[in-house]
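J.: FYI, the numbering for the sequence shown is 1 to 223, going by our numbering.
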Amino acid sequence: MEKPQVNVTSAASGHGEKEEGAGGAVILFFILGLVGSLLVGWVLFPQLLYSKKRQPVDFNHDKHMELVSDGCESCHFFRPDGTYSGVPQLAQCIQCHEEPNGEDPEEVKFVEEYVKKEREVPWLVYSRQPACVFFSHAAHVKMAKMDCVTCHGPIGESTSLKVYQANRITGYSRDIWGENMLGVKRKSWDRMKMDDCAECHAGAHVNPGSVQTQKDGCFVCHK
Ligand code: HEC
Ligand code: HEC
Ligand code: HEC
Ligand code: HEC
Ligand code: HEC
Numbered sequence: 001m002e003k004p005q006v007n008v009t010s011a012a013s014g015h016g017e018k019e020e021g022a023g024g025a026v027i028l029f030f031i032l033g034l035v036g037s038l039l040v041g042w043v044l045f046p047q048l049l050y051s052k053k054r055q056p057v058d059f060n061h062d063k064h065m066e067l068v069s070d071g072c073e074s075c076h077f078f079r080p081d082g083t084y085s086g087v088p089q090l091a092q093c094i095q096c097h098e099e100p101n102g103e104d105p106e107e108v109k110f111v112e113e114y115v116k117k118e119r120e121v122p123w124l125v126y127s128r129q130p131a132c133v134f135f136s137h138a139a140h141v142k143m144a145k146m147d148c149v150t151c152h153g154p155i156g157e158s159t160s161l162k163v164y165q166a167n168r169i170t171g172y173s174r175d176i177w178g179e180n181m182l183g184v185k186r187k188s189w190d191r192m193k194m195d196d197c198a199e200c201h202a203g204a205h206v207n208p209g210s211v212q213t214q215k216d217g218c219f220v221c222h223k
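(1) Taking the alpha-carbon positions, what's the residue 44 to residue 32 distance?
(2) Could you pull the start and end residues of the alpha helix (DSSP H) that residue 63 belongs to?
(3) Are residue 230 and residue 155 closer than 9 Å when you measure CB to CB?
(4) Comparing alpha-carbon positions, which option in 100, 99, 165, 86 lies nearest residue 138?
(5) At least one CB of chain C closer than 9 Å to the CB of residue 38: is that the case?
(6) Does ligand 1 have even one heavy atom less than 8 Å from the beta-carbon of residue 162?
(7) Which full runs of the beta strand (DSSP E) of 3+ residues lie inside the region 164 to 221, going along the chain?
(8) To which residues of the same chain is residue 46 closer than 7 Å at the C-beta, ignoring the five residues directly before and after it?
(9) Using the Cα positions of residue 223 and residue 112, report the straight-line distance between them to the nearest angstrom.
(10) Exposed or buried, which one is residue 174 when buried takes at least 16 other CB atoms within 10 Å?
(11) Run the Cβ filter for me: residues under 7 Å from any heavy atom of ligand 1, listed in the order they occur in the chain.
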């Protein structure tokens, strides 16, 4: 009868020691887990989530702005019907690029691979919205007199085209989905999701239907 009792006490004290050790291990594992998930969330996840693509040819906006006569509109202009030309076509470049002007390997590639073969450059459009979205440059640039920088950032002054990042799940460009993984928006061009369009529309008192929480307002921005 007594033997089992002794066993119970020794087992109990042994159990107590183990619990202390387990408590420390739990904290250690908690910290490791926390650090691990922060690393995954902030470092690894964005790298896995976005595939990086280089533009087919690098293009220097800053240098070209000194060469053209009509500023941005030399390449990005409104057509007579009010639609926006968007990314330039080869025809707008050929006058100056029948032959390379210099030694720049990017220009040589552009002339050899595209101009001479009469192939359009498959530019990757950072700001591309899904096909269901209707957007009009005329409403913003002509009517509301907005600056390109507000929505696109300083691409027009850049000397090199940045890497294009495509979200592997949605296919969206990172310029739409947002630079910051926590959703913090520091600059007006950091992100261009539905709420970002609607937030500015609400503040600027654009057609109240275009604030997407309103019923029937969906077709202001959706086709
Ligand atoms: C007014 C003339 C002119 C027009 C229009 C023009 N370019 Fe250029 N481009 C130049 C000159 C000159 C250089 C060489 C600059 C140097 O090497 O110092 C150049 C350089 C380049 C280069 C080498 C890298 C860089 O950007 O400096 C690329 C690529 C290029 N151009 C692409 C284009 C494309 C694409 C278009 C049409 C959307 C275009 N260019 C329109 C004159 C022009
Ligand atoms: C000589 C022609 C030329 C001139 C002048 C020019 N651009 Fe561009 N621009 C281009 C080309 C080529 C691209 C294609 C790269 C790309 O897909 O982003 C481009 C792309 C852009 C884009 C990126 C669109 C997107 O979402 O991918 C913006 C924004 C832009 N230009 C703004 C400007 C502004 C602002 C100016 C005037 C300060 C300007 N550009 C002057 C040729 C030009
Ligand atoms: C109110 C925000 C806003 C302003 C202001 C704005 N853009 Fe855009 N831009 C967009 C959006 C959104 C798209 C994508 C449209 C789409 O995919 O349907 C776009 C697309 C583009 C493209 C690529 C279009 C294509 O389909 O090839 C170019 C180039 C461009 N913008 C240049 C400019 C320039 C230059 C200015 C200034 C004159 C300007 N944008 C002003 C929001 C804006
Ligand atoms: C920084 C402010 C701002 C942002 C961002 C913005 N807009 Fe606008 N938008 C305006 C203003 C201001 C007008 C009113 C223009 C006018 O008619 O004077 C407008 C007008 C429009 C119109 C025409 C509405 C009508 O009733 O005729 C459409 C469509 C539109 N925006 C779509 C979009 C979409 C889609 C986005 C996001 C991809 C967007 N806008 C982002 C400010 C903005
Ligand atoms: C101010 C412009 C605007 C209005 C108004 C608006 N949307 Fe959107 N919507 C967008 C833009 C831009 C996107 C693409 C970016 C994104 O997914 O946030 C989008 C994306 C969506 C998507 C996801 C589509 C996809 O392919 O990923 C759905 C669903 C949607 N909108 C539904 C609605 C409904 C329902 C309403 C009306 C209650 C509405 N939207 C009103 C601008 C607008």
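Quick reminder that beta carbons are idealized off the backbone N, C-alpha and C, glycines included.
T.: So, from the listed chains and residues:
(1) Roughly 16 Å between the two C-alpha positions.
(2) Looking at the DSSP string, the run of the alpha helix (DSSP H) that includes residue 63 is 61 to 67.
(3) Nothing about residue 230 can be reported from this structure: the residues present for the chain run from 1 to 223 only.
(4) Nearest of 100, 99, 165, 86 to residue 138, Cα basis: 86.
(5) In the structure shown, chain C does not exist; there is a single protein chain.
(6) If you check the C-beta of residue 162 against ligand 1, you find no heavy atom less than 8 Å away.
(7) With a minimum length of 3 residues, the unbroken runs of beta strand (DSSP E) contained wholly in the region 164 to 221 fall at 164 to 167.
(8) Excluding sequence positions up to five before and after residue 46, its CB lies within less than 7 Å of the CB of 181, all in the same chain and listed in chain order.
(9) Rounded to whole angstroms, residue 223 and residue 112 show a C-alpha spacing of 39 Å.
(10) Taking all protein chains shown into account, residue 174 has 16 or more neighbouring C-beta atoms within 10 Å of its C-beta and is therefore buried.
(11) Sorted by position in the chain, 57, 58, 59, 60, 63, 64, 67, 68, 74, 75, 88, 92, 93, 95, 96, 97, 101, 102, 104, 106, 107, 110, 121 make up the residues whose C-beta lies under 7 Å from a heavy atom of ligand 1.
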